[in-house]
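Oh and the sequence shown: position 8 is 8 in the UniProt record's numbering, straight run, nothing missing.
Note that beta-carbon positions come from the ideal geometry of N, C-alpha and C, so glycine has one too.
These numbers were taken from a predicted model, which means no experiment stands behind them.
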Amino acid sequence: MLGFERSLPQGWCSLMGYDLNRHWADPSPWAHPTLHGVKQLIVAMYNNPRHTLEFYIDIHAHSTMMNGFMYGNIFEDEGRFQRQAIFPKLLCQNAEDFSFSSTSFNQDAVKAGTGRRFLGGLLDDTSYCYTLEVSFYSYIVGGTSTVPYTEEAYMKLGRNVARTFFDYYRLNSIPERSLAPITSTWKDKASSYRYAYYRSQGDVSGANKPEKRSQRTFKEHTHSS
Numbered sequence: 001m002l003g004f005e006r007s008l009p010q011g012w013c014s015l016m017g018y019d020l021n022r023h024w025a026d027p028s029p030w031a032h033p034t035l036h037g038v039k040q041l042i043v044a045m046y047n048n049p050r051h052t053l054e055f056y057i058d059i060h061a062h063s064t065m066m067n068g069f070m071y072g073n074i075f076e077d078e079g080r081f082q083r084q085a086i087f088p089k090l091l092c093q094n095a096e097d098f099s100f101s102s103t104s105f106n107q108d109a110v111k112a113g114t115g116r117r118f119l120g121g122l123l124d125d126t127s128y129c130y131t132l133e134v135s136f137y138s139y140i141v142g143g144t145s146t147v148p149y150t151e152e153a154y155m156k157l158g159r160n161v162a163r164t165f166f167d168y169y170r171l172n173s174i175p176e177r178s179l180a181p182i183t184s185t186w187k188d189k190a191s192s193y194r195y196a197y198y199r200s201q202g203d204v205s206g207a208n209k210p211e212k213r214s215q216r217t218f219k220e221h222t223h224s225s
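Given below as structure tokens:
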């Protein structure tokens, strides 16, 4: 939580009038202190060889759309693009209020300064960055029935997100822990969750997790940004 307040007509902003989710590229320690601190923490965690940073999820409330849904990034590496669709697909199976059909992957210029876009370009191929949007109002079940969101419903969605991490890593750990060949691997299961809406490209096989880039390469990137 970075201290957003709805104090200006144009939308969400900090108490100083800044939309903090548009200043990830170069946050000021004076004007955007919380954002600056969070970015420093993420970079420090990523550069620490004892840590593995695989997910960044920025949580927002949405004032017009129903349900919960996600925004993700578009990558030139289609394999990485396909892999990032696995988590929201699993979440859709666990949470009745989460809509995969409303989930989209984009690289809109107006979103370039968001945490999801900036960190998606900064972190390596083993990291996945999303924005999780959840309606202020209600969600739709069965295509017709509208259910108002309550505090308990929001908490339930949070538990379902945690359950989805469990499912994700349970699938991901199958080939790593198996000592003998198995017929159903994480790669096989992940292929069934490929993102079907990437219209401009054909199907790509394989969902193996790429090796992490060297820390030296990442540090050079942070200095250049």
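Which residues does DSSP list as the beta-bridge partners of Gly68? Phe98 and Val134
Please state if the CB of Gly143 and the CB of Phe98 are separated by a distance shorter than 8 Å. no
Whole-number beta carbon distance between Leu20 and Leu35, since they are thought to touch under 8 Å: 5 Å
For Ser102, which of Ile74, Met65 and Leu122 has the nearest alpha-carbon? Met65
Enumerate in chain order the residues of its own chain whose CB-to-CB distance from His62 is below 6 Å, with the five nearest sequence positions on each side excluded. Glu133 and Ser135
If you draw a straight line from the C-alpha of Asp58 to the C-alpha of Tyr46, how long is it? 17 Å
Please determine if the region 141-161 and the region 101-117 are in contact, where contact requires at least 3 C-beta pairs separated by less than 8 Å. no
Within its chain, find whatever has a CB closer than 6 Å to the CB of Gly95; leave out the 5 residues flanking it on each side and keep chain order. In the sequence as presented, Gly is not what sits at residue 95; that position holds Ala. Contacts found: Leu157 and Asn160.
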